[in-house]
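Engineer: Residue numbers (this note's numbering): 220 to 311. Each residue gets a CB set at the ideal place from its N, CA and C atoms; glycine is no exception.
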Amino acid sequence: FIPIITAKMMKVTVALALVASASAFVPATNMRVSTKLNFEYGEYDDKMWDNDAKKEVYAKWDPTAARSSMNFNPFETFGGNSPDASGIFPGE
Numbered sequence: 220f221i222p223i224i225t226a227k228m229m230k231v232t233v234a235l236a237l238v239a240s241a242s243a244f245v246p247a248t249n250m251r252v253s254t255k256l257n258f259e260y261g262e263y264d265d266k267m268w269d270n271d272a273k274k275e276v277y278a279k280w281d282p283t284a285a286r287s288s289m290n291f292n293p294f295e296t297f298g299g300n301s302p303d304a305s306g307i308f309p310g311e
């Protein structure tokens with residue numbers, strides 16, 4: 220009686236293992252990844268990012284609006300680093 224139950228359990232276990240491992244070879248349904256980056260460059264991208272440019276960006280800054288590449292505080296620092304002309308900090 221015991222060897223029959225053990226044999227049936229072994230067959231069920233092997234069948235389940237085969238079904239589970241077969242899913243590793245099924246291709247993913249959506250393998251394409253979009254390469255479009257939704258990034259907007261700042262007003263001074265590829266231009267001189269000096270103190271006068273920062274003052275102009277600061278004058279246009281609206282602290283009540285959401286932070287974006289066109290609306291940021293150029294004199295703000297994060298970890299001792301200043302943002303670039305698009306409002307992005309190094310390593311961000």
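(1) Are the stretch 222-238 and the stretch 270-288 in contact at 8 Å, needing three or more beta carbon pairs?
(2) Using the Cβ count rule (16 or more neighbours within 10 Å means buried), how would you classify V238?
(3) Expressed to the nearest angstrom, what Euclidean distance is found between the alpha-carbon atoms of D303 and S240?
(4) Mark G310 as exposed unless 16 or more other C-beta atoms lie within 10 angstroms of its C-beta, in which case mark it buried.
(5) Taking 7 Å as the limit between beta carbons, can you name the residues of its chain near N290, skipping five residues before and five after?
(6) Is A276 near E262, with beta carbons less than 8 Å apart?
(7) Could you tell me the alpha carbon to alpha carbon distance between K273 and F258, rounded to whole angstroms?
Structural biologist: On the basis of the coordinates in this document:
(1) Judged by Cβ distances under 8 Å, the stretch 222-238 makes no contact with the stretch 270-288, as fewer than three pairs qualify.
(2) Flag for V238 reads exposed.
(3) Straight-line Cα distance between these residues: approximately 49 Å.
(4) Exposed: under 16 other Cβ atoms inside 10 Å.
(5) Cβ neighbours of N290 within its own chain (closer than 7 Å, five residues either side excluded): W280, D281, A284.
(6) Rather than Ala, the amino acid found at residue 276 in this sequence is Val. E262 is positioned such that its CB atom lies closer than 8 Å to that of V276.
(7) K273 and F258: Cα-Cα distance of roughly 20 Å.
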